[in-house]
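Novice: Take a look at the following structure, please.
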Amino acid sequence: MTSGIITVDLHGKNTYQAKVTVDALLRRAHVGTYRIRLVHGCHGGTALRDFIRAEYGRHPQVKRMVLSPDGGTTELVLREYV
16 MTSGIITVDL HGKNTYQAKV TVDALLRRAH VGTYRIRLVH GCHGGTALRD
66 FIRAEYGRHP QVKRMVLSPD GGTTELVLRE YV
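Heads up: the sequence shown is residues 16 to 97, going by this note's numbering.
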């Protein structure tokens, strides 16, 4: 991870498994981590996407979210790249 972005594929996970994964990433995020890109898809349903947006939209480490135009990826912005 040299770009400051961690990408994780959540396909096939349920909401509990996704929460465990994302919480672990947030705990391990260091100063060089600017974003966590969560690939959840949307064509098989929106349960993960909706869960992520509800659960992490107000998380203290998350400054803002960036939603992909196709709805299949959500990025949690932890720090602004300067």
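Glycine included, each C-beta is placed from N, C-alpha and C at the ideal position.
To the nearest angstrom, how far is it from the Cα of residue 28 to the Cα of residue 41?
Specialist: Going from the Cα of residue 28 to the Cα of residue 41 covers about 18 Å.
Novice: State buried or exposed for residue 37, treating a residue as buried only when at least 16 other CB atoms are found within 10 Å of its CB.
Specialist: The residue in question, residue 37, is buried, as its Cβ has 16 or more Cβ neighbours within 10 Å.
Novice: Please tell me whether residue 91 and residue 63 are closer than 8 Å, where the distance is taken between their beta carbons.
Specialist: Contact: no.
Novice: Look up residue 90 in the DSSP assignment and say whether it is helix, strand or coil.
Specialist: Strand.
Novice: On the premise that residue 21 lies in contact with residue 48, defined as a C-beta separation below 8 Å, what is that separation, rounded to the nearest angstrom?
Specialist: Contact holds; Cβ gap of about 6 Å.
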